[in-house]
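J.:
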Amino acid sequence: MYNKAGGCVREGVAAAADPGVSAGSAEGPAIEASGLVGRYGSTVALDGLDVHAERGEVLGLLGHNGAGKTTLVRILGCLLLPHAGEARVLGRDIRDPAARREIRRRIGVLPQDPGLYDRLTAAENLFSHGLLYGLSGPTLARRVDGLLELVGLQGVRRSQVGTFSGGMKKRLAIARALVNDPELVFLDEPTTNLDPEAAHAVHGHIVALAAQGGRTVVLCTHNLNEAERLCRRVVILRQGREVASGSPQELERRFRGARRAEITVRSLDEAALKAVRSAPGVAGVEVAGPKCLRLELAGEGGLPAAVAALVAAGAEVTRAVDVQPTLEDVYLRLASGGDAGPDGEPWPGGGPGSGWGGSAGRGGGGRR
Amino acid sequence: MNWRTALAVCGRDLRDAARNRGALVPAVAVPVVLAVLLPLLIVYLPALTRIPLTTFNWVEIFYRHIPPGVRERLGGLGPEATEFYALAVYFFAPLFLLIPAAASTVAAADSFAGEKERRTLEALYYTPASDAELLWGKTLAALVPGLGAAWFAILAYTGVINAVGWTRYGLLPLPNLAWVLMAGLLLPAAAVFSVALTVVVSAKARTSRGAQQVAGVVVLPAVALLVMQSFGVVYLGWGLVLGLAAVFSGLAWLLLALAARTFRRENAVLYS
Ligand SMILES: Nc1ncnc2c1ncn2[C@@H]1O[C@H](COP(=O)(O)OP(=O)(O)O)[C@@H](O)[C@H]1O
Ligand SMILES: [Mg+2]
Chain A
1 MYNKAGGCVR
11 EGVAAAADPG
21 VSAGSAEGPA
31 IEASGLVGRY
41 GSTVALDGLD
51 VHAERGEVLG
61 LLGHNGAGKT
71 TLVRILGCLL
81 LPHAGEARVL
91 GRDIRDPAAR
101 REIRRRIGVL
111 PQDPGLYDRL
121 TAAENLFSHG
131 LLYGLSGPTL
141 ARRVDGLLEL
151 VGLQGVRRSQ
161 VGTFSGGMKK
171 RLAIARALVN
181 DPELVFLDEP
191 TTNLDPEAAH
201 AVHGHIVALA
211 AQGGRTVVLC
221 THNLNEAERL
231 CRRVVILRQG
241 REVASGSPQE
251 LERRFRGARR
261 AEITVRSLDE
271 AALKAVRSAP
281 GVAGVEVAGP
291 KCLRLELAGE
301 GGLPAAVAAL
311 VAAGAEVTRA
321 VDVQPTLEDV
331 YLRLASGGDA
341 GPDGEPWPGG
351 GPGSGWGGSA
361 GRGGGGRR
Chain B
1 MNWRTALAVC
11 GRDLRDAARN
21 RGALVPAVAV
31 PVVLAVLLPL
41 LIVYLPALTR
51 IPLTTFNWVE
61 IFYRHIPPGV
71 RERLGGLGPE
81 ATEFYALAVY
91 FFAPLFLLIP
101 AAASTVAAAD
111 SFAGEKERRT
121 LEALYYTPAS
131 DAELLWGKTL
141 AALVPGLGAA
151 WFAILAYTGV
161 INAVGWTRYG
171 LLPLPNLAWV
181 LMAGLLLPAA
191 AVFSVALTVV
201 VSAKARTSRG
211 AQQVAGVVVL
221 PAVALLVMQS
231 FGVVYLGWGL
241 VLGLAAVFSG
251 LAWLLLALAA
261 RTFRRENAVL
271 YS
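Just so you know, the sequences run in chain order A and B. Residue numbering for the first sequence follows this note's numbering, starting at 1 and increasing by one per position. Residue numbering for the second sequence follows this note's numbering, starting at 1 and increasing by one per position.
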């Protein structure tokens with residue numbers, strides 16, 4: 001089932017069979033967690049979270065800064081113990097001390113801070129990391145070679161990492177997370193603070209490593225495009241709780257809220273405005289500009305009725321479009337802590353971050 | 001506890017430290033100053049300035065407390081040679097106990113806290129290396145500069161003292177039994193103790209500097225020995241060296257056993 005063939009890492013990595021890695025890779029889902037609670041002092045970072053990831057899937061963890069993504073990775077990666085709740089990672093109980101070591105052996109983590117040794121070279125960083133997994137000699141050397149090739153850093157393998165750009169460091173840290181050929185990889189914000197070009201390169205690597213059969217990837221991000229493009233399923237977190245989960249398409253459908261439309265006219269007058277407000281199927285009208293109207297529709301025939309009403313009132317309609325909800329709309333509403341109930345939501349306002357921060361509105365209708 | 005993993009942790013720390021001037025400078029400078037410059041200065045200063053050493057109060061006090069047995073053995077020598085011998089073989093001896101603490105402090109304080117500051121600790125904690133392997137690997141890595149510097153210093157010092165002793169008084173004072181025991185037993189024991197203590201502090205500390213400040217206390221026993229000896233309270237013969245070696249070995253073992261039992265990455269401070 002753990003099919004390494006066809007993956008990009010294959011050349012460098014598949015040559016070595018990891019003792020203990022393939023054993024038991026068929027037992028149950030990759031991640032099965034319920035009621036996870038994590039605190040730093042009095043700060044509650046995770047507040048009773050359930051997470052589930054099937055083997056081979058790419059799971060996205062979406063949420064603003066402070067939502068609890070990194071804390072979840074630290075708990076599932078067996079770095080911190082949860083204050084409450086249960087979890088099995090790769091079929092092993094994270095509370096069992098022997099299992100914790102075994103889990104660490106079989107996972108790979110790209111921490112939010114890449115945390116590379118600046119005074120060591122790219123190759124030394126990977127090699128010294130591999131030694132800690134019990135790899136050594138030519139096996140490890142070949143694997144390091146293959147990974148440097150994969151992330152395009154073969155040419156600078158002998159350069160000290162302190163001289164690298166942010167994008168190069170992220171790529172090297174991704175390679176490091178793969179040095180033990182893990183069954184489950186956590187990538188914590190792999191493209192944050194990268195310029196678009198570097199982010200694009202990193203996306204390529206994630207696609208490549210996720211394409212390898214059987215490898216499960218958990219991707220923490222607040223980049224919607226990334227999640228939409230790479231993840232089969234996303235979990236939206238807010239203040240340590242899940243506010244929604246499902247495939248990006250499912251979430252768009254489920255949380256689409258009221259349907260919306262935009263109409264542009266050549267000139268807008270009171271009569272036209274009055275006409276469109278009373279058109280059947282139109283629930284609300286917002287004047288978005290001197291020539292632009294935004295409508296909230298109540299039913300299927302709302303948009304044609306609105307156009308008909310405007311034309312009848314003498315207005316010249318130049319453009320009329322249905323506005324499709326995107327994952328971004330869903331995300332902004334849910335992650336920012338607005339009313340998260342499906343449907344019946346005012347136009348999603350503000351940019352990313354609006355409503356987040358000081359508000360203590362934990363819970364407020366967010367959990368379904 | 002797998003020694004290969006501990007050695008891998010140690011090897012990486014050493015490689016990293018070898019490229020870090022902040023860790024290298026004390027490991028080289030401390031032995032040079034303590035073992036070569038200081039004795040030369042004290043031996044040649046009186047000759048240059050024509051002021052006898054005994055006018056310095058602390059040396060005088062120390063000299064008066066040389067046990068009668070030692071004095072008798074040195075009976076055939078003139079007062080200047082006796083003074084040289086006493087200074088070279090006894091007075092400076094406790095300084096060498098300072099070297100591991102001084103030369104390893106930077107590396108030991110950096111062991112965990114430095115990785116916190118440079119944010120590399122989290123990736124290390126995600127590896128399957130066990131807590132004990134991390135602790136031992138880092139302790140070993142920090143021991144290398146301290147013990148290396150101390151042994152290098154003793155060799156250099158032996159050379160300097162014998163050269164001066166031979167040319168001026170026809171004496172080859174070193175090594176004697178106490179020095180061999182010191183280099184072979186007491187120094188390693190004291191070094192393991194002081195380094196392990198500093199590494200444990202480093203695992204709890206948020207910054208390397210903070211760990212250094214707390215760890216500064218490990219030089220106190222050596223300073224105490226120096227002071228006590230100069231007031232004639234103790235005398236660093238082979239018996240005392242053996243006894244101290246036993247005490248420090250016990251302390252080091254206790255500390256490491258306790259640390260291995262209590263150090264858990266799950267409870268460790270991750271970041272400054
Ligand atoms: N090491 C830490 N010490 C104290 N509080 C922390 C620490 N790490 C995270 N937190 C707090 O825990 C909460 C969740 O943080 P985190 O898991 O890092 O979220 P995310 O990764 O989604 O940004 C935040 O309120 C954050 O301030
Ligand atoms: Mg984070």
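No residue lacks a Cβ here, since even glycine has one placed at the ideal position from N, Cα and C.
Return the CA-CA distance between Gly155/A and Leu140/A, expressed in angstroms with no decimal places.
T.: As a first step, residue 155/A is located in the first sequence; it is residue number 155 there, counting from the start. As a first step, residue 140/A is located in the first sequence; it is residue number 140 there, counting from the start. C-alpha separation (whole angstroms): 18 Å.
J.: Which chain A residues are close to Ser130/B, counting only those with a beta carbon under 7 Å from its beta carbon?
T.: Sequence index remark: in the second sequence, residue 130/B carries index 130 (1-based). Simply Arg101.
J.: Is any heavy atom in ligand 3 found nearer than 6 Å to the beta carbon of Lys69/A?
T.: Ligand 3 is not part of this structure, which contains only ligand 1 and ligand 2.
J.: I'd like to know if Tyr125/B contacts chain A, where contact means its C-beta is closer than 7 Å to some C-beta of that chain.
T.: For the purposes of this step, residue 125/B is taken as the residue at position 125 of the second sequence. Closer than 7 Å: yes.
J.: For ligand 2, any of its heavy atoms closer than 6 Å to the Cβ of Gln112/A?
T.: To locate residue 112/A, count along the first sequence from 1; it is residue 112. Because some heavy atom of ligand 2 lies under 6 Å away, the Cβ of Gln112/A counts as near it: yes.
J.: Using a C-beta to C-beta distance shorter than 8 Å, which residues of chain B count as neighbours of Arg104/A?
T.: Taking the first sequence and counting its residues from 1, the one referred to as residue 104/A is at position 104. Correct list: Tyr126, Thr127, Pro128.
J.: Measuring straight from C-alpha to C-alpha, what distance separates Leu224/A and Glu328/A?
T.: By one-based count along the first sequence, residue 224/A stands at place 224. By one-based count along the first sequence, residue 328/A stands at place 328. Taking C-alpha positions only, Leu224/A is separated from Glu328/A by approximately 6 Å.
J.: Pull up the DSSP beta-bridge partners for Gln160/A, would you.
T.: Here residue 160/A refers to the residue found at position 160 when the first sequence is read from its first residue. Thr121/A, per the DSSP bridge assignment.
J.: With a threshold of 7 Å between beta-carbons, can Asp113/A be considered close to chain B, or not?
T.: Indexing the first sequence from 1 puts residue 113/A at position 113. Yes, its Cβ sits closer than 7 Å to a Cβ of chain B.
J.: Am I right that Thr262/B and Thr198/B are in contact with their C-beta atoms under 8 Å? What's the rounded C-beta distance?
T.: Stepping through the second sequence from its first residue, residue 262/B is reached at position 262. Stepping through the second sequence from its first residue, residue 198/B is reached at position 198. Wrong, their Cβ atoms sit about 16 Å apart, outside the cutoff.
J.: Of the choices Met1/B, Thr82/B, Glu266/B, whose alpha-carbon is the least far from that of Ala132/B?
T.: As a first step, residue 132/B must be located in the second sequence, where it is residue number 132. Checking every option, the nearest Cα to that of Ala132/B belongs to Met1/B.
J.: So, helix, strand or coil for Gly48/A, using DSSP?
T.: Translated into the one-based positions of the first sequence, residue 48/A becomes position 48. The three-state reading of DSSP puts Gly48/A in strand, counting E and B together.
J.: Answer yes or no: do Ala173/A and Gly108/A have a C-beta to C-beta separation smaller than 7 Å?
T.: As a working note, residue 173/A is residue 173 in the first sequence. As a working note, residue 108/A is residue 108 in the first sequence. No. Outside cutoff.
J.: Any chance you could list the alpha helix (DSSP H) runs of at least 4 consecutive residues sitting entirely within the stretch 225-269 of chain B, in chain order?
T.: 238-262
J.: So, are the CB atoms of Ala84/A and Val37/A less than 7 Å apart?
T.: Within the first sequence, residue 84/A is the residue found at index 84, counting from 1. Within the first sequence, residue 37/A is the residue found at index 37, counting from 1. Yes. Within cutoff.
J.: Pick from Gln239/A, Arg253/A, Pro138/A, Arg92/A: whose alpha carbon is nearest that of Leu46/A?
T.: Numbered from its first residue, the first sequence carries residue 46/A at position 46. Among Gln239/A, Arg253/A, Pro138/A, Arg92/A, the Cα nearest to that of Leu46/A is on Gln239/A.
J.: Taking 6 Å as the cut-off, does the CB of Gly48/A come closer than this to any heavy atom belonging to ligand 1?
T.: Residue mapping note: residue 48/A aligns to position 48 of the first sequence, counting from 1. Checking every heavy atom of ligand 1 against the Cβ of Gly48/A, none is found closer than 6 Å.
J.: So, does the stretch 265-272 of chain A touch the stretch 233-251 of chain A, judging by three or more C-beta pairs under 8 Å?
T.: no
J.: Might you give, ordered along the chain, the residues of its own chain that have their beta carbon closer than 8 Å to the beta carbon of Asp188/A, omitting 5 neighbours on each side?
T.: Against the first sequence, residue 188/A aligns to sequence position 188. Around Asp188/A: Lys69, Thr70, Val73, Val109, Leu110, Pro111, Gln112, Cys220.
J.: By the criterion of Cβ-Cβ separation under 8 Å, what are the contact partners of Asp16/B in chain A?
T.: The residue you call residue 16/B lines up with position 16 of the second sequence. Here the neighbours are Tyr117, Arg119, Leu120.
J.: In the DSSP assignment, what residue or residues form a beta bridge with Glu262/A?
T.: The residue given as residue 262/A occupies position 262 in the first sequence. In DSSP, Glu262/A forms a bridge with Arg294/A, Val321/A.
J.: The alpha helix (DSSP H) with Gly60/A in it runs from where to where?
T.: Within the first sequence, residue 60/A is the residue found at index 60, counting from 1. Premise fails: Gly60/A lies in the beta strand (DSSP E), 58-62, not in any alpha helix (DSSP H).
J.: Taking the alpha-carbon of Glu270/A as reference, which of Gly281/A, Arg260/A, Lys291/A has the nearest alpha-carbon?
T.: Taking the first residue of the first sequence as 1, we reach residue 270/A at position 270. Comparing Cα positions, the closest option is Lys291/A.
J.: Using a Cβ-Cβ cut-off of 6 Å (strictly less than) and excluding sequence neighbours within five positions of Ala409/A, which residues of its own chain qualify?
T.: Within the shown structure, residues of chain A are numbered from 1 to 368, placing residue 409/A beyond reach of any answer.
J.: Between Ala23/B and Ala17/B, how many whole angstroms is the CB-CB distance? I'm expecting something under 8 Å.
T.: Working through the second sequence from its first residue, we reach residue 23/B at position 23. Working through the second sequence from its first residue, we reach residue 17/B at position 17. Right, their Cβ atoms sit about 4 Å apart.
J.: Using the C-alpha atoms, what's the distance from Leu181/B back to Val278/B?
T.: Because chain B in this structure spans residues 1 to 272, residue 278/B falls outside the shown range and cannot be described.
J.: Beta strand (DSSP E) containing Ser34/A: first to last residue?
T.: Working through the first sequence from its first residue, we reach residue 34/A at position 34. Unbroken beta strand (DSSP E) run through Ser34/A: 31-40.
J.: Return yes when the C-beta of Ala45/A is under 6 Å from any heavy atom of ligand 1, and no when it is not.
T.: Mapped onto the first sequence, residue 45/A falls at position 45. Yes.
J.: Could you check where the beta strand (DSSP E) with Val32/B kicks off and where it finishes?
T.: Here residue 32/B corresponds to residue number 32 of the second sequence, with the count starting at 1. Unbroken run through Val32/B: none, as it is neither H nor E.
J.: Could you have a look at Ser208/B and say whether DSSP puts it in helix, strand or coil?
T.: By one-based count along the second sequence, residue 208/B stands at place 208. It is helical.
J.: Compute the minimum distance between the beta carbon of Asn273/B and the heavy atoms of ligand 1, and state whether it is under 6 Å.
T.: Since the displayed chain B opens at 1 and closes at 272, residue 273/B lies outside it and no answer follows.
J.: What are the boundary residues of the beta strand (DSSP E) that includes Ser104/B?
T.: For this step, residue 104/B is matched to residue 104 along the second sequence. From DSSP, Ser104/B is part of no beta strand (DSSP E) but of the alpha helix (DSSP H) over 93-117.
J.: Ligand 1 heavy atoms versus the CB of Gly63/A: any closer than 6 Å?
T.: Along the first sequence, read from residue 1 onward, the residue named residue 63/A stands at position 63. Correct: Gly63/A has its Cβ closer than 6 Å to ligand 1.
J.: Does chain A have any CB closer than 7 Å to the CB of Glu266/B?
T.: Numbered from 1 along the second sequence, position 266 holds the residue referred to as residue 266/B. Cβ-Cβ to chain A under 7 Å: yes for Glu266/B.
J.: Within 10 angstroms of its Cβ, does His200/A collect 16 or more other Cβ (buried), or is it exposed?
T.: Residue mapping note: residue 200/A aligns to position 200 of the first sequence, counting from 1. When all chains shown are included, His200/A counts as exposed.
J.: Listing by chain order, which chain B residues have their CB less than 8 Å from the CB of Tyr133/A?
T.: Numbered from its first residue, the first sequence carries residue 133/A at position 133. The contacting residues are Thr127, Pro128.
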